[in-house]
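Report on the following structure.
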């Protein structure tokens, strides 16, 4: 099993003293991609039908690892949303913010949450212990944005009109004692999920049962807070 699938857990795993095996990738700031401006993003095609043109633009061979990763990202962005799901792929910061406002409403203020490393981050995969009671974020709506493999930053963003629980939890690594303030989301109903979803294999469960995801990669979570 690939290490990067080690991001799933059950909500019962968030109790103090519990141990979870989690993959937190090490990011090199010098190679990390960034969101383009809207003008820059709009000048580059972004669709599976234009993949040959996009590969030429970035000078990637047709059968290269980069080409396969880009094809995967485009295919995921073009999938039809699940029942009750809102989804979009953000190729610019302006598009991400405008789309989030479209989900939450123009008169709504929202927060941005992401996993934070509170100490030096050296180990990619290790066992982490829950240090404190998980803080649950009360939010009637949320959109989770996952970083996707692409030559520039692309975020796959989605949210569902189903029961979900959002948590912030402090973890300590068993190998080197590093501390992480992680963001996790528990989906209380997975009945519409694909039977082949990796989460079901990792947790040995099936659609319909609740499961949770620790957002270990460069993922942004939007929590909804009404303006007073």
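In our numbering, the protein residues as written are 1 to 228. Glycine residues also receive a C-beta, built at the ideal position from the N, C-alpha and C atoms.
From residue 171 to residue 69, what distance separates their C-alpha atoms?
Locating residue 171 in the chain shown gives position 171, where the first residue counts as 1. Locating residue 69 in the chain shown gives position 69, where the first residue counts as 1. Residue 171 and residue 69: Cα-Cα distance of roughly 31 Å.
Sort 17, 87, 18, 11 by Cα distance to residue 159 and report the nearest one.
What you label residue 159 is simply residue 159 of the chain shown in a count that begins at 1. When only C-alpha atoms are compared, the closest one is 87.
Tell me whether residue 75 sits in a helix, a strand or coil according to DSSP, three-state version.
Here residue 75 refers to the residue found at position 75 of the chain shown. In the structure shown, residue 75 sits in a helix (DSSP, three-state: H, G or I).
If the criterion is Cβ atoms closer than 8 Å, does the pair residue 45 and residue 54 meet it?
Along the chain shown, one-based indexing puts residue 45 at 45. Along the chain shown, one-based indexing puts residue 54 at 54. Closer than 8 Å, so yes.
Using 10 angstroms around the beta-carbon of residue 58, count the other beta-carbons present and answer buried if the total reaches 16, otherwise exposed.
Here residue 58 refers to the residue found at position 58 when the chain shown is read from its first residue. Exposed, since its Cβ has fewer than 16 Cβ neighbours within 10 Å.
By Cβ distance below 8 Å, which residues in the same chain neighbour residue 78 in space, the five residues on each side in sequence not counted?
The residue you call residue 78 lines up with position 78 of the chain shown. Hits under 8 Å: 47, 48.
Compare the Cα-Cα distances from residue 146 to each of 117, 130, 184 and report the closest residue.
Here residue 146 refers to the residue found at position 146 when the chain shown is read from its first residue. Per the Cα distances, 184.
Run through DSSP, which three-state label would residue 13 get?
Locating residue 13 in the chain shown gives position 13, counting from the first residue. Three-state DSSP puts residue 13 in a helix.
Looking at the structure shown, is residue 39 part of a helix, part of a strand, or coil, going by DSSP?
Here residue 39 corresponds to residue number 39 of the chain shown, with the count starting at 1. If DSSP states are grouped into helix, strand and coil, residue 39 belongs with the helices.
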